[in-house]
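Have a look at the structure below before the remarks.
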Amino acid sequence: MQPKQRELITKRLQYFQHDFRPTELLPRLTCLTEADSQQVECDENNKGATRATWTLIDKLKRRENGFEQFVLAVRCEGLGHIA
Numbered sequence: 001m002q003p004k005q006r007e008l009i010t011k012r013l014q015y016f017q018h019d020f021r022p023t024e025l026l027p028r029l030t031c032l033t034e035a036d037s038q039q040v041e042c043d044e045n046n047k048g049a050t051r052a053t054w055t056l057i058d059k060l061k062r063r064e065n066g067f068e069q070f071v072l073a074v075r076c077e078g079l080g081h082i083a
């Protein structure tokens, strides 16, 4: 993820962190490793969707195409207001 994209997603996170379940996006986020996906699932199950959203965004920030895949995933899930 590019620095400007990281900055944008970090600023906007507070506005969309409660709008979706992160595990619903995982199948569309092919840039994530299996371990990344498992961590997001674990956090959602044990700590809630908000914590899992923060974990998901943290993992996406570390991936080259994370921003683009996130935007496409939320649009495909009918969450265009997030993108």
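The opening residue of the sequence shown carries number 1 in full-length UniProt numbering; numbering runs sequentially from there. By construction, the Cβ of each residue, glycine as well, lies at the ideal position given by its N, Cα and C atoms.
Nearest in C-alpha terms to residue 37, of all of 46, 47, 55, 15, is 55. Your pair residue 25 and residue 68 does not check out as a contact, with CB atoms roughly 13 Å apart and the cut at 8 Å.
The residue from 62, 81, 53, 82 with its alpha-carbon nearest to that of residue 21 is 53. The beta carbon of residue 80 is closer than 8 Å to those of 74 in its chain, skipping five residues each way along the sequence.
Counting C-beta atoms within 10 angstroms of its own C-beta, residue 43 has 16 or more neighbours from the protein chains shown and is therefore classed as buried. Annotation: the continuous alpha helix (DSSP H) that includes residue 66 extends over 66 to 76.
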